[in-house]
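These protein sequence lines map, in sequence, to chains A and B. Each residue of the first sequence is one higher than the last, beginning at 1 in the working numbering. Each residue of the second sequence is one higher than the last, beginning at 1001 in the working numbering.
There are 2 protein chains.
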Amino acid sequence: MLLPRRVIANLLGVTTEPESGVRTRTRQAIVSAAIAEWARDFAAPLSAIAERAEVSRSTLHRYFVDRQSLIDAALREAQVVLDNQSAAAVSGCNSAREELESLMRVLVDFGDILIFLFADPNRFAGNAEWIEAEDEMLPEIIRRAQVEGAVADDVEPSWVIGVYYSICYTAASAIATDELSRLRAADIAVRTFFRGVAATPATEPGH
Amino acid sequence: MLLPRRVIANLLGVTTEPESGVRTRTRQAIVSAAIAEWARDFAAPLSAIAERAEVSRSTLHRYFVDRQSLIDAALREAQVVLDNQSAAAVSGCNSAREELESLMRVLVDFGDILIFLFADPNRFAGNAEWIEAEDEMLPEIIRRAQVEGAVADDVEPSWVIGVYYSICYTAASAIATDELSRLRAADIAVRTFFRGVAATPATEPGH
DNA sequence: TCACATTGACACATCAGTGTCTCATTTTCA
DNA sequence: TGAAAATGAGACACTGATGTGTCAATGTGA
């Protein structure tokens, strides 16, 4: 099998040429197809992904030696996209509350990736790339939101995170099934989240 | 293959002897194992289910001709259990709000079944048994809750249902991973749900 | 134009899961 | 106890997905 240096570099995740080139484009198409297809059904065969990417199964195997290496690549790609978008969304916010809202709108908008990443909790169990997927950013923002008072401080942060993601996920699903428009889904998701985890109003103390 | 009348009756869903008998017990063990195993990983092979049920793969195939028929049975069983528990939970409640809370505590408690049923939205797409899975009860309760004022009436019922299930699911997951105790998970889930979809407080009108 | 990179179309071998079947053994129950 | 029921063990064929390889055709850039 012919395997130019560039590919080997790519396989190692070094990505010499991030933007142009035939191989980069083909590779990108395959990874994107994998994310989209596996968001729908993680058991989808490689042939389905090749078809969606409009390449032959041979070509797919040239870029990714086996199923696992494509999973790794898709996982890495999904995280990178989400990380970048998240960073962009958060910058320029003036409060933790704003950050949470802005971030949620991004996550809902990239529903495909979100579903791919979080549809099945143990989908990526034992995957090397998955360990670092424990987001560092969200817990930190939530802590600040608790200090700010935008989020109740008598609730476990892990629960807040769980609710956060599951509401994003619900919104993404609603969009995917045409139940709600993009805008409406994002709005109602933000509203539901903040009310759900809001600090206990002083008017009904612990009652 | 030997196949007494009783089995054929069972296969047709007529269930002549619902409570005792060797075959009933074996059958039940297999279906339960299927739900538990498939809640973890829907791609799990039949051999894994047979192993968990402590029967041979031969026996499993005697009860369920093919994978699909076991899926059907598991689906039916899951729905029946949930339906019965739900009905019991709802009876004796004095308001839609109480019903929603009581129902949520049941769903969280039967997390395995909940995860099995709702982990993957299109897991059962095209399944004959799945059509009726569109619960009749929940939409009706939510409508009443909206009339009562316990749930905002400017929110799509489909969204309320989605949030309801996803919060149950999050709680079930938190229990499954030992993040929260059973009781705490149920409490915080109920609280989060009702605040999340509460009617807009008059103090901040549409702002 | 020419060398090389890239691709598609096949042909395979392999493997795991599925479904069928037989036969010996154990369990159940009248 | 003895017949019927139920099970386990294992052999077998079949299928879909995977992974490897070859070869011809096409694309690309100096």
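For glycine and all other residues, C-beta sits at the position ideal for the given N, C-alpha and C. Keep in mind that this is a model prediction, so the values were computed, not measured.
What number of angstroms, rounded off, separates the C-alpha of residue i from the C-alpha of residue j?
i, j, result
"residue 1073(B)", "residue 1086(B)", "19 Å"
"residue 23(A)", "residue 56(A)", "14 Å"
"residue 63(A)", "residue 27(A)", "7 Å"
"residue 1198(B)", "residue 185(A)", "17 Å"
"residue 106(A)", "residue 1065(B)", "46 Å"
"residue 1039(B)", "residue 1032(B)", "11 Å"
"residue 45(A)", "residue 1046(B)", "19 Å"
"residue 1104(B)", "residue 1098(B)", "10 Å"
"residue 216(A)", "residue 1140(B)", "The shown model of chain A, from 1 to 207, leaves out residue 216(A), and the question about it has no answer."
"residue 117(A)", "residue 78(A)", "7 Å"
"residue 1114(B)", "residue 21(A)", "47 Å"
"residue 1177(B)", "residue 54(A)", "40 Å"
"residue 41(A)", "residue 52(A)", "13 Å"
"residue 58(A)", "residue 50(A)", "9 Å"
"residue 1127(B)", "residue 48(A)", "22 Å"
"residue 147(A)", "residue 194(A)", "15 Å"
"residue 1190(B)", "residue 1168(B)", "9 Å"
"residue 157(A)", "residue 171(A)", "21 Å"
"residue 153(A)", "residue 1123(B)", "37 Å"
"residue 1164(B)", "residue 159(A)", "15 Å"
"residue 138(A)", "residue 25(A)", "32 Å"
"residue 100(A)", "residue 1183(B)", "28 Å"
"residue 82(A)", "residue 110(A)", "8 Å"
"residue 34(A)", "residue 92(A)", "33 Å"
"residue 1161(B)", "residue 89(A)", "29 Å"
"residue 69(A)", "residue 61(A)", "10 Å"
"residue 155(A)", "residue 1188(B)", "8 Å"
"residue 174(A)", "residue 180(A)", "6 Å"
"residue 1136(B)", "residue 1076(B)", "16 Å"
"residue 196(A)", "residue 1200(B)", "12 Å"
"residue 1067(B)", "residue 1094(B)", "43 Å"
"residue 1142(B)", "residue 1096(B)", "7 Å"
"residue 13(A)", "residue 1084(B)", "Model confidence at residue 13(A) stands at a pLDDT of 35, short of 50, so the residue's coordinates are unreliable and nothing is read from them."
Provide the residue span of the alpha helix (DSSP H) that contains residue i, from first to last.
i, result
"residue 974(B)", "Lying before the first or after the last residue shown, residue 974(B) is absent from chain B, which here runs from 1001 to 1207."
"residue 1107(B)", "1096-1109"
"residue 193(A)", "182-196"
"residue 208(A)", "In the structure as shown, chain A starts at 1 and stops at 207, and residue 208(A) therefore has no counterpart that could be examined."
"residue 1143(B)", "1137-1148"
Determine, for residue i, whether the minimum Cβ-Cβ distance to residues of chain B falls below 9 Å.
i, result
"residue 149(A)", "no"
"residue 195(A)", "yes"
"residue 116(A)", "no"
"residue 211(A)", "The first residue shown for chain A is 1 and the last is 207, placing residue 211(A) beyond what the model contains."
"residue 95(A)", "no"
"residue 180(A)", "yes"
"residue 47(A)", "no"
"residue 98(A)", "no"
"residue 119(A)", "yes"
"residue 80(A)", "no"
"residue 43(A)", "yes"
"residue 59(A)", "no"
"residue 24(A)", "no"
Strictly under 9 Å for the Cβ-Cβ distance: is residue i near chain A by that measure?
i, result
"residue 1183(B)", "no"
"residue 1159(B)", "yes"
"residue 1124(B)", "no"
"residue 1021(B)", "no"
"residue 1110(B)", "no"
"residue 1066(B)", "no"
"residue 1071(B)", "no"
"residue 1167(B)", "yes"
"residue 1092(B)", "no"
"residue 1188(B)", "yes"
"residue 1156(B)", "yes"
"residue 1173(B)", "yes"
"residue 1163(B)", "yes"
Got a sec: does the ligand MG put a non-hydrogen atom nearer than 8 Å to the Cβ of residue i?
i, result
"residue 119(A)", "Only the bare structure without any ligand can be found here, which leaves the ligand MG out of the picture."
To test your reading of the DSSP string, which unbroken alpha helix (DSSP H) runs of 4 or more residues are found completely within the stretch 1150-1176 of chain B? As for any alpha helix (DSSP H) of minimum length 4 sitting wholly inside the stretch 1150-1176 of chain B, the runs are 1157-1176, ordered along the chain.
Minimum length 4: unbroken alpha helix (DSSP H) runs contained in the stretch 29-90 of chain A: The qualifying runs are 46-53, 57-63, 67-90.
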